[in-house]
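Using the UniProt record's numbering, the letters of the sequence shown map in sequence onto residues 1 to 437. For glycine and all other residues, C-beta sits at the position ideal for the given N, C-alpha and C. Being a predicted model, the structure only gives us computed values, none of them experimental. What follows is a short report on a single structure.
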Amino acid sequence: MAPRAASPDIRPRAAAGDHRASEFDDRPGPGALHRGPPRRWYMAATLPLQVAAAVAPGAAVLQSKAMAPIAIVALLLAVIAHRRERGHWPIPGGPALLPLLALAAWGALSALWAPDTRWALSSAGTLAALALLGTAGAVIVEEETLTARRTLTWCILGGLAFGLALALLDHATGQWVRATVRGLPETRPGLEFGLKPAASVMALFLPLLLRLRLPAPWRWLLLAAGTGAILLLPGDTPKLAALAGFAAAALASLGGRPVACLIALLLAGGLLAAPFLIPQTLRPEIAARAPLSALHRMLIWDFALERAAERPVLGWGMEASRNLPGGRDNPSRESMARLGVTPEGHRAWLLTPGVERLSLHPHNGALQIWLELGWIGLALAALAVLGMGWGAAPVAIGVLASAAVTFTASFGVWQAWWMASQALAAALAAGLAARRG
Numbered sequence: 001m002a003p004r005a006a007s008p009d010i011r012p013r014a015a016a017g018d019h020r021a022s023e024f025d026d027r028p029g030p031g032a033l034h035r036g037p038p039r040r041w042y043m044a045a046t047l048p049l050q051v052a053a054a055v056a057p058g059a060a061v062l063q064s065k066a067m068a069p070i071a072i073v074a075l076l077l078a079v080i081a082h083r084r085e086r087g088h089w090p091i092p093g094g095p096a097l098l099p100l101l102a103l104a105a106w107g108a109l110s111a112l113w114a115p116d117t118r119w120a121l122s123s124a125g126t127l128a129a130l131a132l133l134g135t136a137g138a139v140i141v142e143e144e145t146l147t148a149r150r151t152l153t154w155c156i157l158g159g160l161a162f163g164l165a166l167a168l169l170d171h172a173t174g175q176w177v178r179a180t181v182r183g184l185p186e187t188r189p190g191l192e193f194g195l196k197p198a199a200s201v202m203a204l205f206l207p208l209l210l211r212l213r214l215p216a217p218w219r220w221l222l223l224a225a226g227t228g229a230i231l232l233l234p235g236d237t238p239k240l241a242a243l244a245g246f247a248a249a250a251l252a253s254l255g256g257r258p259v260a261c262l263i264a265l266l267l268a269g270g271l272l273a274a275p276f277l278i279p280q281t282l283r284p285e286i287a288a289r290a291p292l293s294a295l296h297r298m299l300i301w302d303f304a305l306e307r308a309a310e311r312p313v314l315g316w317g318m319e320a321s322r323n324l325p326g327g328r329d330n331p332s333r334e335s336m337a338r339l340g341v342t343p344e345g346h347r348a349w350l351l352t353p354g355v356e357r358l359s360l361h362p363h364n365g366a367l368q369i370w371l372e373l374g375w376i377g378l379a380l381a382a383l384a385v386l387g388m389g390w391g392a393a394p395v396a397i398g399v400l401a402s403a404a405v406t407f408t409a410s411f412g413v414w415q416a417w418w419m420a421s422q423a424l425a426a427a428l429a430a431g432l433a434a435r436r437g
């Protein structure tokens with residue numbers, strides 16, 4: 001009896017150079033779409049991002065401004081590595097890119113009337129570059145193999161664990177860690193404030209833990225543990241940012257796309273409503289109970305609102321907060337009178353040299369954008385927020401909500417290290433949240 005002929009293999013074969021991703025492309029086996037021998041780990045396009053995720057939290061504890069070179073270099077190297085591995089450049093895209101580039105272009109145009117042309121052009125260029133790098137980084141992470149994506153999430157976990165442990169050790173020892181790094185024989189007053197930026201960075205990265213390849217209860221437990229660790233560190237804003245990231249991610253996880261869209265609308269609407277909402281907080285009954293630092297913040301907002309109302313549509317120009325007319329003066333008695341404050345007793349400190357009406361920025365992102373770029377800039381920023389959050393996955397919504405809290409009450413909008421931190425976190429969140437295959 002003649003041997004039976006083998007059945008022809010009618011399964012489709014992958015074309016050469018076909019880099020379509022799959023959730024099963026990491027190793028050979030039943031049901032796997034195996035494309036030959038696995039690449040060596042150091043050939044992954046996301047290797048620079050893995051290194052950045054592992055070292056960034058700890059580096060931020062030692063010096064928060066290190067986030068700028070870490071994020072920028074990692075994203076640039078990832079772009080080059082992606083070109084080498086995939087044969088094409090990662091093309092930036094996404095609904096937030098055009099509003100961000102338009103905001104940068106408007107900021108560059110505002111250099112024509114800004115107090116300091118150099119600062120305006122520099123910050124506009126930085127914003128545009130980071131918008132392009134961040135969106136390209138998201139493409140790189142999205143197109144990476146599953147094995148490399150998993151490695152990236154474990155690097156995020158390891159980096160956060162080390163950073164939080166280092167921050168807690170520094171806080172428990174009275175800033176001994178950061179004093180030692182700076183070569184100081186002992187800690188000095190004010191050194192503890194350096195932990196606040198680091199805590200804000202880690203609060204920004206915490207929602208990324210939701211992309212770990214672990215059962216859902218373990219992912220949420222790790223996120224809760226990280227949030228609890230930040231609650232032990234100094235600074236109210238990082239604590240609120242961590243809680244907001246956790247809450248927003250949880251709501252988006254429970255409610256799906258409609259809830260994510262609602263959160264995006266609320267955040268974008270909050271930006272546009274800020275010029276009307278902030279004056280409602282500048283009330284004498286609130287000022288009467290406020291500590292000195294909060295009272296000074298209220299006086300800064302009062303001055304910024306006063307100046308913003310003079311040029312509400314175009315603004316004073318990008319980075320104008322640094323050199324706004326009258327900004328270096330002490331708070332005016334008229335401003336204090338509006339808050340029902342008299343500079344007597346311990347509040348006489350408000351009239352001492354060095355206490356300024358506006359020191360570098362208003363400590364409120366929406367107010368700073370309105371002051372510097374007017375309603376045009378504020379509308380573009382709101383569109384960018386809407387684009388980032390509309391229908392986004394819980395991990396991205398958590399990162400966005402955490403960033404929004406810090407944006408509202410802490411750093412200057414155009415500080416390079418903070419913009420770079422947000423670009424890196426956004427790239428990781430958007431790329432890891434993308435569905436594969």
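Exercise for review: Report the residue from Leu351, Ala129 and Ala165 whose alpha carbon sits nearest the alpha carbon of Ile72.
Suggested key: Within the sequence shown, the letter at position 72 stands for residue 72. Among Leu351, Ala129 and Ala165, the Cα nearest to that of Ile72 belongs to Ala129.
**Study point:** Residue interval of the alpha helix (DSSP H) (run including Gln415)
**Key:** Counting from one through the sequence shown, the residue named residue 415 turns up at place 415. Taken as a continuous stretch (DSSP letters only), Gln415 belongs to no alpha helix (DSSP H), as it is neither H nor E.
Check your understanding: Could you give the distance in angstroms between the alpha-carbon of Met67 and the alpha-carbon of Gly163?
Key -> Position 67 of the sequence shown, counted from the first residue, corresponds to residue 67. Position 163 of the sequence shown, counted from the first residue, corresponds to residue 163. If you take the alpha carbons of Met67 and Gly163, they lie about 13 angstroms apart.
Exercise for review: Using the Cα positions of His34 and Gly387, report the straight-line distance between them to the nearest angstrom.
Suggested key: Along the sequence shown, one-based indexing puts residue 34 at 34. Along the sequence shown, one-based indexing puts residue 387 at 387. The pLDDT assigned to His34 is 45, lower than 50, so where the model puts this residue is not dependable; a value taken from the coordinates is nonetheless given after this. Computed Cα separation, rounded: 35 angstroms.
Practice item. Return helix, strand or coil for Ile91, following the three-state DSSP convention. Key: Position 91 of the sequence shown, counted from the first residue, corresponds to residue 91. Note: Ile91 maps to coil in three-state DSSP.
Review point. For Thr180, which of helix, strand or coil comes out of DSSP?
Key: Counting from one through the sequence shown, the residue named residue 180 turns up at place 180. It is helical.
Check your understanding: For Trp301, which residues from the same chain have a beta carbon less than 7 angstroms from its beta carbon, with the 5 sequence-adjacent residues on both sides left out?
Key -> On the sequence shown, position 301 is the one that residue 301 refers to. Counting only Cβ-Cβ distances below 7 angstroms, and skipping sequence neighbours, we find Ile278, Leu282, Pro362, Asn364 and Leu367.
Review point. Ala409 lies in the alpha helix (DSSP H); which residues open and close that run?
Key: In the sequence shown, residue 409 corresponds to position 409, counting from 1. Taken as a continuous stretch (DSSP letters only), the alpha helix (DSSP H) holding Ala409 covers Pro394 to Ala409.
Point to revise | With 16 other Cβ atoms within 10 Å as the buried cut-off, status of Met43 | key: Along the sequence shown, one-based indexing puts residue 43 at 43. Answer is exposed; the Cβ neighbour count stays below 16.
Point to revise | Sequence-distant residues of the same chain with beta carbon closer than 6 angstroms to Ala268, five excluded per side | key: As a first step, residue 268 is located in the sequence shown; it is residue number 268 there, counting from the start. Excluding positions up to five away in sequence, the list reads Ala382, Val385 and Leu386.
Practice item. Report buried or exposed for Gln280, applying the criterion of at least 16 other Cβ atoms within 10 angstroms of its Cβ. Key: Looking up residue 280 in the sequence shown gives position 280. Looking at its Cβ environment, which holds fewer than 16 other Cβ atoms inside 10 Å, Gln280 is exposed.
Review point. When the Cα atoms are used, what is the spatial distance from Ala434 to Trp370?
Key: For this step, residue 434 is matched to residue 434 along the sequence shown. For this step, residue 370 is matched to residue 370 along the sequence shown. Rounded to whole angstroms, Ala434 to Trp370 spans 33 angstroms at the Cα level.
Exercise for review: Classify Ser293 as buried or exposed, calling it buried when 16 or more other Cβ atoms lie within 10 Å of its own Cβ.
Suggested key: Along the sequence shown, one-based indexing puts residue 293 at 293. Per the 10 Å Cβ criterion, exposed.
Review point. With 16 as the cutoff for other CB atoms within 10 Å, does Gly93 come out buried or exposed?
Key: Along the sequence shown, read from residue 1 onward, the residue named residue 93 stands at position 93. Result: exposed.
**Study point:** Any 3 or more C-beta pairs closer than 8 angstroms across the segment 42 to 56 and the segment 74 to 84
**Key:** yes
Practice item. Excluding the 5 residues preceding and the 5 following Ala81 in the sequence, name in chain order all residues of the same chain whose CB lies nearer than 7 angstroms to its CB. Key: Numbered from 1 along the sequence shown, position 81 holds the residue referred to as residue 81. Cβ neighbours of Ala81 beyond the five flanking positions: Ala45, Leu47 and Pro48.
Exercise for review: Report, in whole angstroms, the separation of the C-beta atoms of Arg322 and Leu373, which I expect to be a contact under 8 angstroms.
Suggested key: Within the sequence shown, the letter at position 322 stands for residue 322. Within the sequence shown, the letter at position 373 stands for residue 373. That pair is no contact at about 14 angstroms.
Exercise for review: Consult DSSP for Met202 and reduce its assignment to one of helix, strand or coil.
Suggested key: Residue 202 sits at position 202 when you count from the first residue of the sequence shown. If DSSP states are grouped into helix, strand and coil, Met202 belongs with the helices.
**Study point:** CB of residue 482 within 9 angstroms of CB of Ala148, strictly
**Key:** In the structure as shown, the chain begins at 1 and stops at 437. Residue 482 is therefore absent and cannot be evaluated.
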